[in-house]
Each structure stands twice: as structure tokens, then as C-alpha cells.
Amino acid sequence: MPMNVPARSGALDLRPLSARSVVLSLLLGAHPPELPARELARLVEGFDVGGSTLRAALSRMVAAGDLRRTDGGYRLSDRLLDRQRRQDDAVHPRTRAWEGDWEMAVITATGRGPAERAELRTRLTALRLAELREGVWLRPANLTRALSGDLDRVVQHYTARPARPPAELAETLWPLQDWSATARTLLAHIAGETRPAGRLAAFAAVVRHLLADPVLPPGLLPAGWPGVELRAAYTDYQRDLIGEVRARVRGT
Numbered sequence: 001m002p003m004n005v006p007a008r009s010g011a012l013d014l015r016p017l018s019a020r021s022v023v024l025s026l027l028l029g030a031h032p033p034e035l036p037a038r039e040l041a042r043l044v045e046g047f048d049v050g051g052s053t054l055r056a057a058l059s060r061m062v063a064a065g066d067l068r069r070t071d072g073g074y075r076l077s078d079r080l081l082d083r084q085r086r087q088d089d090a091v092h093p094r095t096r097a098w099e100g101d102w103e104m105a106v107i108t109a110t111g112r113g114p115a116e117r118a119e120l121r122t123r124l125t126a127l128r129l130a131e132l133r134e135g136v137w138l139r140p141a142n143l144t145r146a147l148s149g150d151l152d153r154v155v156q157h158y159t160a161r162p163a164r165p166p167a168e169l170a171e172t173l174w175p176l177q178d179w180s181a182t183a184r185t186l187l188a189h190i191a192g193e194t195r196p197a198g199r200l201a202a203f204a205a206v207v208r209h210l211l212a213d214p215v216l217p218p219g220l221l222p223a224g225w226p227g228v229e230l231r232a233a234y235t236d237y238q239r240d241l242i243g244e245v246r247a248r249v250r251g252t
């Protein structure tokens, strides 16, 4: 059964923006992941977050360990830096030329409880692997990324060359047509959304969708794959958003 299956083809995962989600979206997209308090206040104004609401949200986020206070500003906590790295990898995946090999991960540990099994599935999916059958995960060996050493306790890694045609195998592992349809719906929605809060919510959905992109070699993708276009749209939005506010702050 294909992994990373969306609720339905073309469906949008648009979620309401709380003050916390606005702050996190902005900091997760900032490099380095830190903003001066003044700049952060100017940013959130555009998303209908008032000063008192922002102050309350920041206080709660610091107490919860989401943020750290810095000299004059706020920075993502170490815990959320891992989330930013995953987001960065989704927006700018590191790939290498594909020569036909596939990564294969075989789960060897037994006696794990439901929570442990679910956590392992989440970690393997985050590595852009897909489950061929229970306990056997695959993907083309075209990514440049390190695998966490502690996975070796429960998973054995192999290099394989399946006899099945690669494009056919990829279609069984990932819902490529559904992913493409949703990406195109997102692009159309972005093009027609003019409200700042609406655009931020839409681009948060873009990031979530990119996290489910299997990042396959071009030869295994359906024609007209919109992954590059979706990544470019997000990159342009984030650059313009931060740049415009910083220009306003410098001008005041």
C-alpha cells in the first residue's frame, strides 16, 4: 500500500493560525532561527496578532521550551532546531545522481510495543522510505543524508536492485498522482490568496506537503511533477516576507 497517502487527491490541509503557530512559522523559516523582538512584533502585525496576544504567546512558548530569550529577541529552542532541519531538507533536499541502487531497511527488532512501532514508522517515513511489506522499507538511493546511528539497534540497512521496473515500483510505494494533484491545488490557491494570514496558512500547508514528497529521481516521476515549482514558490515567499519587514524596521 502506498505510503504518505493524503486524505484525498487535491485536498488542502489548511489549519487556523494561532499566535503560537504564526511565531513558529516565521522562526522556522528564518536563518538563523532568531528574530529581534521589534522585528518579530512587526511581522506578526500583518497576521492579525496584537501586541498583548504576542507577549502572552511568547511567554508561554519560552516556558514550554519552544523558544529561548536572546539579547533583544527570541530564538528556536534546540528541540525545535531538529524540526527546522527537517523543514529545510523538505524545501531544499540534498540529492545525488541516481545509478539504479535502492536503499533497503529491514526491521529486525522484535517484542516492541505499539508506541515503539509507531515511532519507528514515523522515523522511517521521515527518512523518505516507504514500506514495501511489513518490516521492509525501500527508496531509490539518490539522497545525501545521514541515518541516525541508534537505528542500527532495530534496523539493518542494505543496498538492493529490485527486479521490478523502478517506475512501476515507485508508483506502488508512493501516491505520486495524488501528491502531484494536491501540489497543483496548493499552487492555484496561493496564486489567488491575497490576505497575509491566508497566505501564511497556505505556505504552512506547502511545507507540510513537501515533507511528504518522496524526492524521487526525475526518471521515476510522473510527467509535469510540480515539486520544483512548489519549492520555488515557498522560497520566494519566505525571502520576500522577511525582506519586506526588515526593510520597514530599518526605515523606522
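No gaps in the numbering here: position 229 of the sequence shown is 229 in my numbering, and each next residue is one more.
Where a beta carbon is used, it is the ideal one built from N, C-alpha and C, also for glycine.
Below 7 Å CB to CB, which residues in the same chain sit around M61 once its five sequence neighbours on both sides are set aside? Correct list, in chain order: R20, V23 and L67.
Beta strand (DSSP E) segment containing G73, residue limits: G73 to L76
Specify the secondary structure class of T110 as computed by DSSP and reduced to three states. coil
Could you name the residues of the same chain whose beta carbon sits closer than 8 Å to that of V91, not counting the 5 residues immediately before and after it, in chain order? V207, L210, R231, Y234 and T235
Would L138 and L186 qualify as a contact pair, given that the criterion is a beta-carbon distance under 9 Å? no
Between the alpha carbons of L176 and A130, how many angstroms are there, rounded? Taking the straight line from one Cα to the other gives about 12 Å.
Please identify the residue among E39, R239 and L14 whose C-alpha is closest to the C-alpha of G72. E39
Step through the CB atoms of chain C and report whether any lies within less than 9 Å of the CB of Y234. The structure shown contains no chain C; it is built from a single protein chain.
Since I believe D213 is in contact with W179 (beta carbons under 8 Å), could you give me their beta-carbon distance rounded to a whole number of angstroms? 7 Å
Compute the distance between the beta-carbons of G65 and R79, then report whether it is under 9 Å. yes
By alpha-carbon positions, which one of P33, G224 and H189 ends up nearest to R85? Of P33, G224 and H189, the smallest CA-CA separation from R85 is found for P33.
Taking A163 as the reference, which of L120, W102 and L124 has the closest Cα? W102
What did DSSP end up calling A30 once you bin it into helix, strand or coil? A30 carries a coil assignment under DSSP once its states are collapsed to helix, strand and coil.
Round the Cβ separation of P165 and W98 to the nearest angstrom and send it over; I've been treating them as touching at under 8 Å. Actually they do not touch by this definition, with Cβ atoms about 15 Å apart.
Drop a sphere of 10 angstroms on the beta-carbon of G29, count the other beta-carbons inside from all chains shown, and report buried for 16 or more, exposed for fewer. buried
Taking DSSP's pairing of strands, which residues face R139 in a bridge? E103
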